[in-house]
Amino acid sequence: MENLTNTFPWLNVSASINSTLIVTVNLADPITTWFTIITLSATLFTNGLIVIVYAINSPLRTPFNAYIVNIAVTEIIQVNVLVN
75 MENLTNTFPW LNVSASINST LIVTVNLADP ITTWFTIITL SATLFTNGLI VIVYAINSPL
135 RTPFNAYIVN IAVTEIIQVN VLVN
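Residue numbers (the working numbering): 75 to 158.
Quick look at the structure:
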């Protein structure tokens, strides 16, 4: 059993009561971690782009677009609070 865990560190190898080998794969944690990192990065990038385009182009400064930028800034702040 030690051979399996040394070869594949992401395997959690344990024996049950009747001595059959049970192998569970603990890939959920790394997948959710990478998904969270990619999602937060994409959110920051997209919302930052929205804020920059709104600041540069004056024809886009309408009340509805101000509402969208307000949401983008709020999400940026929430992501920064979540990360820190």
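By construction, the Cβ of each residue, glycine as well, lies at the ideal position given by its N, Cα and C atoms. If you're wondering where the values come from, they're calculated on a predicted model, not measured in any experiment.
At least 3 beta-carbon pairs within less than 8 Å: the region 115 to 129 vs the region 149 to 156: Judged by Cβ distances under 8 Å, the region 115 to 129 makes contact with the region 149 to 156, as three or more pairs qualify.
Span separating the alpha-carbon of L135 from that of T106: The question names Leu, but residue 135 in the sequence shown is Arg. When rounded, the distance between both Cα atoms is 37 Å.
Span separating the alpha-carbon of I142 from that of S115: Those two C-alpha atoms are separated by around 19 Å.
Closest residue to V157 among A129, I111 and P133 (Cα-Cα distance): Among A129, I111 and P133, the Cα nearest to that of V157 is on I111.
Inter-residue spacing [alpha-carbon to alpha-carbon] between T117 and W108: Note on geometry: alpha-carbon atoms of T117 and W108 lie some 14 Å from one another.
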